[in-house]
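Residue numbers (the working numbering), protein chains in the order written: chain Y, 7 to 107; chain B, 1146 to 1386.
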């Protein structure tokens, strides 16, 4: 049982590492066509959108929990708060929410 | 020589500072992972080993529920691959932004590409130096591995309210990274919204699994917006003549 779990962990590690490593190790980033370069520069913002939504609404069964957290984070980030403040502030707001509801 | 090494040390320190918000965000997530791992029946050694070797939150959670349901090794490893294939895109995107460096060194810090470390590096102004990359990745990795162990040991004794509210941590961090760029550029707003809409459609219609849904929505959004942008530029170019 235990040795098979360790093998699973090693397998998971390998299939996770390869996609992380290949592009960085192989591309020097200079010989790319401009359109592809533009697309790659767009990736961070697109992927952040996809990572946040819709999952943030589903973190608890109560959908208002996620909505409250999202609104708190958006307001804090919009007024220019530091990322750490956004994280801790949202946790604080949701702790308050859990205590009240 | 000396100046170069001082510069390296300071960019490493800058990386650690920028990675601090990730380390804080990982704490609750990894605590929860350690706790869940214990209830699934893994040992402390296996729990910490998984965080050391895999270092990818979503897939580690998923593997626990698959192990609990008695799934085979192949299914678990394949699911992990699918969930983590998005790192390929991140790595390709980063290759545009990092300073020139030996492939071997880049392969080392590439191990630490996660949604969070990528977001911090990719939204940094200017290029990403090797020292900065190691700083961000190093502190995040340390927090992830250590917190997994702590979670296994004491996770169950944290107050329930705090355990629940901490689930928002990483999403809040993504918002904290995205919004400043949104305020500066409408293009960023369109990119994020379009990808969010595609991802919601794929997930709710159950056409794609989680990992593929993120990859597909990101590519669609990045390509469509770049295409529109190129067309606009071309049209402007013609009318200028």
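Cβ coordinates follow ideal geometry from the N, Cα and C atoms, glycine included.
Nearest-angstrom beta carbon gap, residue j and residue i [assumed within contact, 8 Å]
{"i": "residue 1363 of chain B", "j": "residue 1353 of chain B", "result": "Contact flag wrong, Cβ pair sits at about 12 Å."}
{"i": "residue 47 of chain Y", "j": "residue 1241 of chain B", "result": "6 Å"}
{"i": "residue 1227 of chain B", "j": "residue 1356 of chain B", "result": "4 Å"}
{"i": "residue 1314 of chain B", "j": "residue 93 of chain Y", "result": "5 Å"}
{"i": "residue 79 of chain Y", "j": "residue 1316 of chain B", "result": "7 Å"}
{"i": "residue 15 of chain Y", "j": "residue 1191 of chain B", "result": "7 Å"}
{"i": "residue 1243 of chain B", "j": "residue 1298 of chain B", "result": "Not confirmed; about 37 Å, so no contact."}
Neighbouring residues, chain Y, relative to residue i (Cβ below 9 Å)
{"i": "residue 1231 of chain B", "result": "25, 53, 56 and 57"}
{"i": "residue 1251 of chain B", "result": "27, 30 and 31"}
Interface flag, residue i vs chain B, CB-CB below 9 Å
{"i": "residue 107 of chain Y", "result": "no"}
{"i": "residue 69 of chain Y", "result": "no"}
{"i": "residue 60 of chain Y", "result": "yes"}
{"i": "residue 39 of chain Y", "result": "no"}
{"i": "residue 101 of chain Y", "result": "yes"}
Within-9 Å CB hit, residue i to chain Y
{"i": "residue 1150 of chain B", "result": "no"}
{"i": "residue 1088 of chain B", "result": "Beyond the ends of chain B as shown, which are 1146 and 1386, falls residue 1088 of chain B; an answer cannot be given."}
{"i": "residue 1333 of chain B", "result": "yes"}
{"i": "residue 1225 of chain B", "result": "yes"}
{"i": "residue 1297 of chain B", "result": "no"}
{"i": "residue 1161 of chain B", "result": "no"}
{"i": "residue 1281 of chain B", "result": "no"}
{"i": "residue 1371 of chain B", "result": "yes"}
{"i": "residue 1321 of chain B", "result": "yes"}
{"i": "residue 1375 of chain B", "result": "yes"}
{"i": "residue 1293 of chain B", "result": "no"}
{"i": "residue 1351 of chain B", "result": "no"}
{"i": "residue 1339 of chain B", "result": "yes"}
Chain-ordered chain B contacts of residue i [CB-CB under 7 Å]
{"i": "residue 73 of chain Y", "result": "Near residue 73 of chain Y there are no residues of chain B at all, since even the closest Cβ is about 11 Å away, more than 7 Å."}
{"i": "residue 29 of chain Y", "result": "1233, 1236, 1237 and 1240"}
Within chain Y, the residues that residue i reaches when beta carbons sit closer than 7 Å
{"i": "residue 1324 of chain B", "result": "80, 83 and 84"}
{"i": "residue 1170 of chain B", "result": "93"}
{"i": "residue 1222 of chain B", "result": "14, 17, 18 and 21"}
Chain-ordered chain B contacts of residue i [CB-CB under 9 Å]
{"i": "residue 9 of chain Y", "result": "The contacting residues do not exist; residue 9 of chain Y stays about 10 Å from chain B at best."}
Contacts that residue i makes with chain Y (C-beta to C-beta distance below 8 Å)
{"i": "residue 1367 of chain B", "result": "45, 46, 48, 49 and 52"}
{"i": "residue 1262 of chain B", "result": "In chain order: nothing, as chain Y lies at least about 10 Å away."}
{"i": "residue 1165 of chain B", "result": "90"}
**OP:** Taking a Cβ distance cut-off of 7 Å, strictly less, list which residues of the region 1302 to 1317 of chain B are near chain Y, in chain order.
**Re:** 1306, 1307, 1309, 1310, 1311, 1312, 1313, 1314, 1316 and 1317
Subject >> Segments of 4+ residues assigned as alpha helix (DSSP H) that fall wholly inside the region 38 to 102 of chain Y >> reply: 40 to 58 and 69 to 84
Original post:
According to a CB-to-CB cut-off of less than 8 Å, which residues of the region 1185 to 1203 of chain B neighbour chain Y?
Top reply: 1187, 1188, 1191, 1194, 1195, 1198, 1199, 1200 and 1201
**OP:** Report the residue ranges of all alpha helix (DSSP H) runs contained in full by the region 1277 to 1354 of chain B; include only those spanning at least 4 residues, in chain order.
**Re:** 1305 to 1310, 1314 to 1329 and 1331 to 1349
Original post:
Closer than 9 Å, Cβ to any Cβ of chain Y: which residues of the region 1267 to 1279 of chain B, in chain order?
Top reply: 1267 and 1268
Original post:
In chain order, which beta strand (DSSP E) runs of at least 3 residues are fully inside the region 1247 to 1278 of chain B?
Top reply: none
Subject >> Secondary structure, beta strand (DSSP E): runs of 3+ residues fully inside the region 1171 to 1251 of chain B >> reply: none
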